[in-house]
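Novice: Protein chains in written order, with numbering that gives the first Met the number 0: chain A, 0 to 317; chain B, 0 to 450.
Ideal Cβ positions, reconstructed from N, Cα and C, are used throughout, including at glycine.
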Amino acid sequence: MLYLQPQNLLVQKTLTEALEANARGTPLILDRIISDFDYTTLHISNSPEEKALLWISIKTKAWLSISKCGPDLVGYLNTKYDDLAGVSTCQPEGGYDYTLQVDLKALQNDAVVQLSLLKVMTMSYPFQLAFNEFASLAQLPEGSNTTETVHKIEYRDDENVFIKPSNDRITVIFETFFQDETDKVFGKVFLQEFVDSRKRNRAIQSAPQVLFSHEPPLEISKLVSSRVSEKSRRFITFVLFPRHFQTPELQFSSICHLALFRNYFHYHIKCSKAYMHSRMRYRVDTFIKVLNRAKLDENEDGSEETTRRTVTGRKMVY
Amino acid sequence: MSYLNNPAIVMDNGTGLTKLGFAGNDSPSWVFPTAIATAQPSTTKKSSSGLGATQSQTGGSAYFGNSTSATSFNNLTSSALLSNNLAGKRGTEDLDFYIGNEALIASQSSSYSLSYPIRHGQVENWDHMERFWENSIFKYLRTEPEDHYFLLTEPPLNPPENREQVAEIFFESFNCAGLYIAVQAVLALAASWTSSKVTDRSLTGTVIDSGDGVTHVIPVAEGYVIGSAIKNIPIAGRDITLFIQSLLRERGEADTSLRTAERIKQEYCYVCSDIVKEFNKFDRDPQKFAQFIVENSEKTKKKVVDVGYERFLAPEIFFNPEIASSDFLTPLPTVVDHTIQACPIDVRKGLYNNVVLSGGSTMFKDFGRRLQRDLKSIVNNRIAQSELLSGTKSTGVDVQVISHRRQRNAVWFGGSLLAQTAEFKSYCHTKKDYDEYGPEIVRNFSLFNMI
Numbered sequence: 000m001l002y003l004q005p006q007n008l009l010v011q012k013t014l015t016e017a018l019e020a021n022a023r024g025t026p027l028i029l030d031r032i033i034s035d036f037d038y039t040t041l042h043i044s045n046s047p048e049e050k051a052l053l054w055i056s057i058k059t060k061a062w063l064s065i066s067k068c069g070p071d072l073v074g075y076l077n078t079k080y081d082d083l084a085g086v087s088t089c090q091p092e093g094g095y096d097y098t099l100q101v102d103l104k105a106l107q108n109d110a111v112v113q114l115s116l117l118k119v120m121t122m123s124y125p126f127q128l129a130f131n132e133f134a135s136l137a138q139l140p141e142g143s144n145t146t147e148t149v150h151k152i153e154y155r156d157d158e159n160v161f162i163k164p165s166n167d168r169i170t171v172i173f174e175t176f177f178q179d180e181t182d183k184v185f186g187k188v189f190l191q192e193f194v195d196s197r198k199r200n201r202a203i204q205s206a207p208q209v210l211f212s213h214e215p216p217l218e219i220s221k222l223v224s225s226r227v228s229e230k231s232r233r234f235i236t237f238v239l240f241p242r243h244f245q246t247p248e249l250q251f252s253s254i255c256h257l258a259l260f261r262n263y264f265h266y267h268i269k270c271s272k273a274y275m276h277s278r279m280r281y282r283v284d285t286f287i288k289v290l291n292r293a294k295l296d297e298n299e300d301g302s303e304e305t306t307r308r309t310v311t312g313r314k315m316v317y
Numbered sequence: 000m001s002y003l004n005n006p007a008i009v010m011d012n013g014t015g016l017t018k019l020g021f022a023g024n025d026s027p028s029w030v031f032p033t034a035i036a037t038a039q040p041s042t043t044k045k046s047s048s049g050l051g052a053t054q055s056q057t058g059g060s061a062y063f064g065n066s067t068s069a070t071s072f073n074n075l076t077s078s079a080l081l082s083n084n085l086a087g088k089r090g091t092e093d094l095d096f097y098i099g100n101e102a103l104i105a106s107q108s109s110s111y112s113l114s115y116p117i118r119h120g121q122v123e124n125w126d127h128m129e130r131f132w133e134n135s136i137f138k139y140l141r142t143e144p145e146d147h148y149f150l151l152t153e154p155p156l157n158p159p160e161n162r163e164q165v166a167e168i169f170f171e172s173f174n175c176a177g178l179y180i181a182v183q184a185v186l187a188l189a190a191s192w193t194s195s196k197v198t199d200r201s202l203t204g205t206v207i208d209s210g211d212g213v214t215h216v217i218p219v220a221e222g223y224v225i226g227s228a229i230k231n232i233p234i235a236g237r238d239i240t241l242f243i244q245s246l247l248r249e250r251g252e253a254d255t256s257l258r259t260a261e262r263i264k265q266e267y268c269y270v271c272s273d274i275v276k277e278f279n280k281f282d283r284d285p286q287k288f289a290q291f292i293v294e295n296s297e298k299t300k301k302k303v304v305d306v307g308y309e310r311f312l313a314p315e316i317f318f319n320p321e322i323a324s325s326d327f328l329t330p331l332p333t334v335v336d337h338t339i340q341a342c343p344i345d346v347r348k349g350l351y352n353n354v355v356l357s358g359g360s361t362m363f364k365d366f367g368r369r370l371q372r373d374l375k376s377i378v379n380n381r382i383a384q385s386e387l388l389s390g391t392k393s394t395g396v397d398v399q400v401i402s403h404r405r406q407r408n409a410v411w412f413g414g415s416l417l418a419q420t421a422e423f424k425s426y427c428h429t430k431k432d433y434d435e436y437g438p439e440i441v442r443n444f445s446l447f448n449m450i
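So this is what it looks like as structure tokens:
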């Protein structure tokens, strides 16, 4: 099905090409702007001094809010990327939030995927913090094991993600807002389906529980109280239980899915519209066929007026 | 609003290849065939699970995104939902498709059928095109269409109804922030501004657009295409490849596949100034003959193919079509001359002065120089004749053919160039305009008036 990969295909392709070209001894001269979902721009360029050195910079709208979530976002990303051979961190390029320097001579092929995950890695920081907080809360005795912490990612103009760790679960709440009326209708059906399919289908019982509401859930009611008046706001809540983030692999796949949730969601709204449109075209075609069948054969009664007009005097077009 | 900082998306959907990318880049990010492989309703369910597995293995790193484990999921949902609702009964075939290179791979199995939604530059199948766009925007470009402005291209003489269809899809399905539809020939003219020969950035000129299937000669005056004067030549890249192949076959070379012929065309061919002299040159100097080594899939055997006269003979079919075809015999420079002569007299000078090349089949070395020489001699003959007849002195007509480094993706590059300018967004129609006026708004776009 139309599954969106967590890594950026274009970054992956560009780096693979650069790597191959470098191996052939003809390093590419790159200065590319690459875009990703949610106001994210990546920039891949050669370092001014050395052609075999590439700079990969990222600028994303969520950066400011993510860095507020925890003490050291840059440090977190550094630990993710420092182990890779040929990748080192450097001063952020002007206008960008974070820059990695890649040495094509030392870069391994599998590191390319890691590099193309840069955006997801950035988004994963607050999730990682929540996982850590969950672990420490679960250790604490009953009664003192609650926290007020809610991580907020402002990833779009008026849409946010809230992550709230507690001692037995992690709650992830998406605040969505539809600009388009049609989208709103499709979106509602989809979200309702997210909630219902879990009840209906026994095979996916282990998936996180999904809740859908018009009112902000209690966890975040204090944070969004000012905007409650807006009617078209929706809240989707995912409840992650320990089984969804027991191992680092599970943690990573949960993060990938959640980080891409909105994009995936909107992608499928677009797809269903496309499907509707194709049904409409099909319908119109069959109606036209019916109309054509009702057309009088002009040869039989040539005496009649050949062009028929509507009441307003316009010509009928078949 | 923050989408103002996002780069605009430039999409050039051609008959053969689609070029996708972001404005401001020097080359398209993705170039892949405008092909879509759709699931065939009856056979999908049974054979699909096996296909998914083989694909992810064979595809490997060659094409990114072959690992979509599409079909195993399909099996799960179709069985689970069947009992519950109507949508389940209809299935999810509409979501089961691949585009571009992935489509070519998928179509090798029997459960997918391949189709090309664009014929002769115009969209034929809107259902397929809509899905092609949706996949290219979300999967390949990874953008939210609501956050970006789009620049699309259309062939000259595209009916306005097609424009409206495009607008309906882009504004209603995708809710794109803004849309500009540009004529390909005009963008090719804009791309030529990178050449050092161009001094004034005008949108007047003759565009020779030669792709794989057909070659167009399109006169453009101040940004408007002179539709009545457009001429087509049925000679293009594919004919050159076939001609090389036939030469190889005649000589009985070790490998005469279409692929080899295409590689020879791309790597060895050039345009000569005089065909007879070039033959003599080759006979005197055996160094001119090249050898092309075909690399086999198993690296053990290496075939060697000699490359001889076809190095200059193949591109020659533009200038002497009689060597390859029997039904079309007008050389390219003559066609260009006829095209310009069919235009209003006041723009002809500008059209001769700015002949711009675009498309992969104009990439041969010295193609522009030869065209300029031949065109000049035609024009000079005519001037000499008219001077003789009228007895007055002519001021002369300057013929200039412009070739530049971006020729291969000239249309896309021109789009990228225009879409990165600050005023691009003011020329677009926005979603708000569309909602206010409806699809007929895209019948008119204001032209870029460049400095």
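With 16 other CB atoms within 10 Å as the buried threshold, where does M279/A fall?
Specialist: Taking the first sequence and counting its residues from 1, one reaches residue 279/A at position 280. M279/A is exposed by the Cβ-count criterion.
Novice: Kindly indicate if chain A contains any beta-carbon less than 7 angstroms away from that of G23/B.
Specialist: Locating residue 23/B in the second sequence gives position 24, where the first residue counts as 1. So, interface residue.
Novice: Using a 10 Å radius around the Cβ and a threshold of 16 neighbouring Cβ atoms, would you call L103/A buried or exposed?
Specialist: The count along the first sequence starts at 1 and reaches residue 103/A at position 104. Label assigned to L103/A: buried.
Novice: Please confirm if K288/A has its CB atom under 7 angstroms from at least one CB of chain B.
Specialist: On the first sequence, position 289 is the one that residue 288/A refers to. Not one chain B Cβ lies under 7 angstroms of K288/A.
Novice: So, are the CB atoms of V194/A and F176/A less than 7 angstroms apart?
Specialist: In the first sequence, residue 194/A corresponds to position 195, counting from 1. In the first sequence, residue 176/A corresponds to position 177, counting from 1. No, the Cβ-Cβ distance between V194/A and F176/A is not below 7 angstroms.
Novice: Using a Cβ-Cβ distance cut-off of 7 angstroms, determine whether I235/A contacts chain B.
Specialist: What you label residue 235/A is simply residue 236 of the first sequence in a count that begins at 1. Not one chain B Cβ lies under 7 angstroms of I235/A.
Novice: So the alpha helix (DSSP H) T259/B belongs to, where does it begin and stop?
Specialist: In the second sequence, the residue the question calls residue 259/B occupies position 260. Unbroken alpha helix (DSSP H) run through T259/B: 257–267.
Novice: Are the CB atoms of F260/A and R141/B nearer to each other than 7 angstroms?
Specialist: As a position in the first sequence, residue 260/A is number 261, starting the count at 1. As a position in the second sequence, residue 141/B is number 142, starting the count at 1. Contact flag unset, no.
Novice: Which residue or residues does DSSP assign as beta-bridge partners of E321/A?
Specialist: Here chain A comprises residues numbered 0 to 317, so residue 321/A is not present and cannot be evaluated.
Novice: Starting from I33/A, trace the alpha helix (DSSP H) both ways and give me its first and last residue.
Specialist: Along the first sequence, one-based indexing puts residue 33/A at 34. No alpha helix (DSSP H) contains I33/A, which is instead part of the beta strand (DSSP E) from 30–35.
Novice: With a threshold of 7 angstroms between beta carbons, is T154/A in contact with chain B?
Specialist: Position 155 of the first sequence, counted from the start, is the residue given in the question as residue 154/A. Checking the sequence, you will find Tyr at residue 154/A rather than Thr. No, no contact with chain B.
Novice: Beta strand (DSSP E) containing V213/B: first to last residue?
Specialist: Looking up residue 213/B in the second sequence gives position 214. No beta strand (DSSP E) contains V213/B, which DSSP labels as neither H nor E.
Novice: Where does the unbroken beta strand (DSSP E) through Y95/A begin, and where does it stop?
Specialist: As a position in the first sequence, residue 95/A is number 96, starting the count at 1. First-last for Y95/A: undefined, no H or E at that position.
Novice: Once DSSP output is grouped into helix, strand and coil, what is the label at V86/A?
Specialist: On the first sequence, position 87 is the one that residue 86/A refers to. Strand, per DSSP.
Novice: On the DSSP bridge assignment, give the partners of F31/B in chain order.
Specialist: By 1-based counting over the second sequence, the position of residue 31/B is 32. Per DSSP, T17/B.
Novice: Thinking C-alpha only, which one of L103/B, E167/B, F278/B, L387/B is nearest K269/A?
Specialist: Looking up residue 269/A in the first sequence gives position 270. If we check each option's Cα against that of K269/A, E167/B comes out closest.
Novice: According to a CB-to-CB cut-off of less than 7 angstroms, which residues of the segment 263–284 of chain A neighbour chain B?
Specialist: Listed in sequence order: H265, Y266, K269, C270, K272, A273, Y274, H276, S277, R280.
Novice: Can you tell me which residues form a DSSP beta bridge with Q290/B?
Specialist: The sequence position of residue 290/B within the second sequence is 291, counting from 1. Beta-bridge pairing links Q290/B to D305/B.
Novice: DSSP has T205/B in a bridge; who is on the other side?
Specialist: Translated into the one-based positions of the second sequence, residue 205/B becomes position 206. Bridge partners of T205/B: P218/B, V354/B.
Novice: Does the beta carbon of N45/A come closer than 7 angstroms to any beta carbon on chain B?
Specialist: Looking up residue 45/A in the first sequence gives position 46. It does not: the Cβ of N45/A has no partner Cβ on chain B nearer than 7 angstroms.
Novice: Do the segment 416–435 of chain B and the segment 138–155 of chain B meet, that is, are 3 or more Cβ pairs less than 8 angstroms apart?
Specialist: The segment 416–435 of chain B is in contact with the segment 138–155 of chain B.
Novice: Count the other C-beta atoms from every protein chain shown that fall within 10 angstroms of the C-beta of A84/A, then say buried if there are 16 or more, exposed otherwise.
Specialist: As a first step, residue 84/A is located in the first sequence; it is residue number 85 there, counting from the start. Exposed.
Novice: Using only alpha-carbon positions, find the residue among K302/B, A418/B, Q244/B, R347/B that is nearest to S256/B.
Specialist: Along the second sequence, one-based indexing puts residue 256/B at 257. Answer by Cα proximity: Q244/B.
Novice: Whole angstroms are fine: how far does the CA of E309/B sit from the CA of G93/A?
Specialist: Indexing the first sequence from 1 puts residue 93/A at position 94. Indexing the second sequence from 1 puts residue 309/B at position 310. Their Cα atoms are separated by approximately 52 angstroms.
Novice: Quick one: is L9/A near chain B, going by C-beta distance under 7 angstroms?
Specialist: Locating residue 9/A in the first sequence gives position 10, counting from the first residue. So, interface residue.
Novice: Taking 8 angstroms as the threshold, find out whether the segment 146–163 of chain A comes into contact with the segment 172–186 of chain A through three or more Cβ pairs.
Specialist: Short answer: they touch.
Novice: Report the three-state DSSP secondary structure of K230/B (helix, strand or coil).
Specialist: Sequence index remark: in the second sequence, residue 230/B carries index 231 (1-based). Strand.
Novice: Use the C-beta contact count for F133/A: other C-beta atoms within 10 angstroms, 16 or more gives buried, fewer gives exposed.
Specialist: Here residue 133/A corresponds to residue number 134 of the first sequence, with the count starting at 1. So F133/A counts as buried.
Novice: Would you verify that the beta carbon of T142/B is, or is not, closer than 7 angstroms to some beta carbon of chain A?
Specialist: Here residue 142/B is taken as the residue at index 143 of the second sequence, counted from 1. T142/B counts as touching chain A.
Novice: Indicate whether the contact test is met: 3 or more Cβ pairs, each with one atom in the segment 151–167 of chain B and one in the segment 183–201 of chain B, closer than 8 angstroms.
Specialist: Output reads yes: the segment 183–201 of chain B touches the segment 151–167 of chain B.
Novice: Decide if N279/B is buried, meaning its Cβ has at least 16 other Cβ atoms within 10 Å, or exposed.
Specialist: If you number the second sequence from 1, residue 279/B lands on position 280. Per the 10 Å Cβ criterion, exposed.
Novice: Out of I225/B, G210/B, D93/B, point me to the one whose CA is closest to V410/B's CA.
Specialist: One-based indexing of the second sequence puts residue 410/B at position 411. Nearest C-alpha to V410/B: G210/B.
Novice: Which residues in chain B sit within 7 angstroms of D35/A, going by Cβ to Cβ distance?
Specialist: For the purposes of this step, residue 35/A is taken as residue 36 along the first sequence, with counting starting at 1. Going along chain B in sequence order, the residues near D35/A (Cβ under 7 angstroms) are R141.
Novice: By the criterion of Cβ-Cβ separation under 8 angstroms, what are the contact partners of K375/B in chain A?
Specialist: Indexing the second sequence from 1 puts residue 375/B at position 376. In chain order: nothing, as chain A lies at least about 36 angstroms away.
Novice: Using a C-beta cutoff of 7 angstroms, does S415/B count as contacting chain A?
Specialist: Looking up residue 415/B in the second sequence gives position 416. S415/B does not count as touching chain A.
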